[in-house]
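Report on the following structure.
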Amino acid sequence: MRPAFDWERCIGCGACVRVCRGGALSYRDENGRRTITFEPRLCDGDLLCVEACPVNAVRGVPNHESGESSATFELARCENCGKLTEFTLKEVEWGRKMGHFDLFLCSTCRRLKSAQKIGEGLE
Numbered sequence: 001m002r003p004a005f006d007w008e009r010c011i012g013c014g015a016c017v018r019v020c021r022g023g024a025l026s027y028r029d030e031n032g033r034r035t036i037t038f039e040p041r042l043c044d045g046d047l048l049c050v051e052a053c054p055v056n057a058v059r060g061v062p063n064h065e066s067g068e069s070s071a072t073f074e075l076a077r078c079e080n081c082g083k084l085t086e087f088t089l090k091e092v093e094w095g096r097k098m099g100h101f102d103l104f105l106c107s108t109c110r111r112l113k114s115a116q117k118i119g120e121g122l123e
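The letter at position 24 of the sequence shown is residue 24 when you use full-length UniProt numbering, and the numbering goes up by one with no holes.
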């Protein structure tokens, strides 16, 4: 078995990439976009990517039904400073529905917000 991807359902979070031990899945952030690529010849068939996907956009299929594929997603901008974040727009939309409001900020603004909350707690 190998993975097959429903790129319409995928939010581009990269969870599948992070658990892929064989390097069959990769992503690259460039020019405000993230491209996720699957290369079946590198797949070891463990299907950890299926388990890791938070939106069920990956499923196991017989090897002959799985081919090379890729998708590109637009990266979101920080709602505070306007810099690109490490999250895709689809990921931020999904996060809003799930109550993850820190996805709207870049890493710098998230750290500043956390520091402010800590400071408020000390007053």
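We treat Cβ as the ideally placed atom computed from N, Cα and C, and that holds for glycine.
- For G95, the enclosing alpha helix (DSSP H) begins and ends at L89 to M98.
- The Cβ neighbour count for P3, taken over all protein chains shown within 10 Å, is at least 16; the residue is labelled buried.
- For A15, the enclosing alpha helix (DSSP H) covers residues A15 to V19.
- For L42, the secondary structure class from DSSP, reduced to helix, strand or coil, is helix.
- With contacts defined by Cβ atoms closer than 7 Å, A52 and A24 do not form a contacting pair.
- The beta carbon of A57 sits closer than 7 Å to those of F5, D6, R9 and C10, all from its chain and outside the five residues before and after it, given in chain order.
- Between the segment 65-77 and the segment 39-47 there are three or more inter-stretch CB-CB distances shorter than 8 Å, so the stretches are counted as touching.
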